[in-house]
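S.K.: Using my numbering, you'd call the opening residue of the sequence shown number 4 and step up by one each time.
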Amino acid sequence: MSDAARRTSHGRASDVVRGYAHKDAAAVEEALAGLDADGWIEVYALLSGLLRSTISIMELTGRHWKPDDLVRRSDDIAAAAPPHYEFAMAEAARAWAAGDESAMRALSHRDIPGAAHMTAVGITVLGVALWGRDRFLDVIEEFHAAADALTDDPWPGT
Numbered sequence: 004m005s006d007a008a009r010r011t012s013h014g015r016a017s018d019v020v021r022g023y024a025h026k027d028a029a030a031v032e033e034a035l036a037g038l039d040a041d042g043w044i045e046v047y048a049l050l051s052g053l054l055r056s057t058i059s060i061m062e063l064t065g066r067h068w069k070p071d072d073l074v075r076r077s078d079d080i081a082a083a084a085p086p087h088y089e090f091a092m093a094e095a096a097r098a099w100a101a102g103d104e105s106a107m108r109a110l111s112h113r114d115i116p117g118a119a120h121m122t123a124v125g126i127t128v129l130g131v132a133l134w135g136r137d138r139f140l141d142v143i144e145e146f147h148a149a150a151d152a153l154t155d156d157p158w159p160g161t
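In structure tokens:
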């Protein structure tokens, strides 16, 4: 991916999810390097929307996962996270699997970078469970292409 595409918030959001899907800590770090406070908020907002969409698609398909599978997948994918977030993500995944979303909400209110990482891991876990890794990566490419199209011409036909 070009540096120009990576500098957009949607490019960074796509890149960090791809990094987690490949379990590539260097790619995860590179995708989010140099963000200022506003950039973190923007990337987190994009990832939050993508997570909601992924959850909705999963619900519509009737696909479900077992809590222990979710935790195992989260642990595996979160290994690519910065070390200071890996444990927090593992704990939040365990709490979420048990029906307690408070750990995720608490992190998002006090640490936007941590919340962005946790959200990217969540998207990756659910996306891989839903589509498999290769098809999920195709979905992320479609998201990025759609975001590029909207950015290039936010009001088509005007």
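Glycine included, C-beta positions come from ideal geometry on N, C-alpha and C.
Once you ignore the five residues that flank Ala-83 on each side, which residues in its own chain have a CB closer than 7 Å to its CB?
M.R.: Here residue 83 refers to the residue found at position 80 of the sequence shown. Gly-22, Tyr-23, Lys-26, Asp-27, Ala-28 and Val-31, listed in sequence order.
S.K.: Excluding the 5 residues flanking Val-142 on each side, which residues of the same chain have their C-beta closer than 8 Å to its C-beta?
M.R.: As a working note, residue 142 is residue 139 in the sequence shown. Closer than 8 Å at the Cβ level, and outside the excluded window around Val-142, lie Gly-130 and Trp-134.
S.K.: Val-19 to Leu-50, Cα distance in whole Å?
M.R.: Numbered from 1 along the sequence shown, position 16 holds the residue referred to as residue 19. Numbered from 1 along the sequence shown, position 47 holds the residue referred to as residue 50. One C-alpha to the other measures close to 10 Å.
S.K.: Taking the Cβ atom as the reference point for each residue, do Leu-73 and Ala-96 lie within a distance shorter than 9 Å?
M.R.: Stepping through the sequence shown from its first residue, residue 73 is reached at position 70. Stepping through the sequence shown from its first residue, residue 96 is reached at position 93. Yes.
S.K.: Could you name the residues of the same chain whose beta carbon sits closer than 6 Å to that of Pro-116, not counting the 5 residues immediately before and after it, in chain order?
M.R.: Counting from 1 along the sequence shown, the entry for residue 116 is found at position 113. Closer than 6 Å at Cβ, skipping near neighbours: Trp-43.
S.K.: Relative to the C-alpha of Asp-79, which residue among Met-92, Phe-146, Val-46 and Glu-144 is closest?
M.R.: Locating residue 79 in the sequence shown gives position 76, where the first residue counts as 1. The shortest Cα separation from Asp-79 among Met-92, Phe-146, Val-46 and Glu-144 belongs to Met-92.
S.K.: Would you decide whether His-147 is buried or exposed? Buried here means 16 or more other CB atoms lie within 10 Å of its CB.
M.R.: On the sequence shown, residue 147 is found 144 positions in, with the first residue counted as 1. Buried is the call here.
S.K.: Are Asp-151 and Thr-11 touching if we call contact CB-CB under 9 Å?
M.R.: Position 148 of the sequence shown, counted from the first residue, corresponds to residue 151. Position 8 of the sequence shown, counted from the first residue, corresponds to residue 11. Against a cut-off of 9 Å, the Cβ pair of Thr-11 and Asp-151 comes out as a contact.
S.K.: For Ile-126, collect the residues of the same chain with a Cβ closer than 7 Å to its Cβ; drop the 5 residues on either side in sequence, then sort them by chain order.
M.R.: Looking up residue 126 in the sequence shown gives position 123. Excluding residues within five positions, the ones whose Cβ falls inside 7 Å are Val-20, Leu-50, Leu-53, Leu-54 and Thr-57.
S.K.: Given this structure, state the Cα-to-Cα distance separating Gly-102 from Glu-89, to the nearest angstrom.
M.R.: If you number the sequence shown from 1, residue 102 lands on position 99. If you number the sequence shown from 1, residue 89 lands on position 86. Using only the alpha carbons, I get a separation of about 20 Å.
S.K.: Give the DSSP-derived three-state secondary structure of Asp-41 in the structure shown.
M.R.: The sequence position of residue 41 within the sequence shown is 38, counting from 1. Asp-41: helix per DSSP, three-state reduction.
S.K.: Indicate whether His-120 and Pro-70 have their beta-carbon atoms separated by less than 9 Å.
M.R.: Counting from one through the sequence shown, the residue named residue 120 turns up at place 117. Counting from one through the sequence shown, the residue named residue 70 turns up at place 67. No, the pair does not count as a contact, with Cβ atoms beyond the cut-off.
S.K.: Just mark Arg-1 as buried or exposed, buried being the case when its beta carbon has 16 or more other beta carbons within 10 Å.
M.R.: An answer regarding residue 1 cannot be provided, because it is not within the stretch 4 to 161 covered by the chain.
S.K.: With burial defined as no fewer than 16 other Cβ atoms inside 10 Å of the residue's Cβ, what is the status of Leu-63: buried or exposed?
M.R.: Counted from its first residue, the sequence shown places residue 63 at position 60. Its Cβ having fewer than 16 others within 10 Å, Leu-63 is exposed.
S.K.: Do Ala-81 and Val-124 have their beta-carbon atoms positioned less than 9 Å apart in this structure?
M.R.: Looking up residue 124 in the sequence shown gives position 121. Looking up residue 81 in the sequence shown gives position 78. Closer than 9 Å, so yes.
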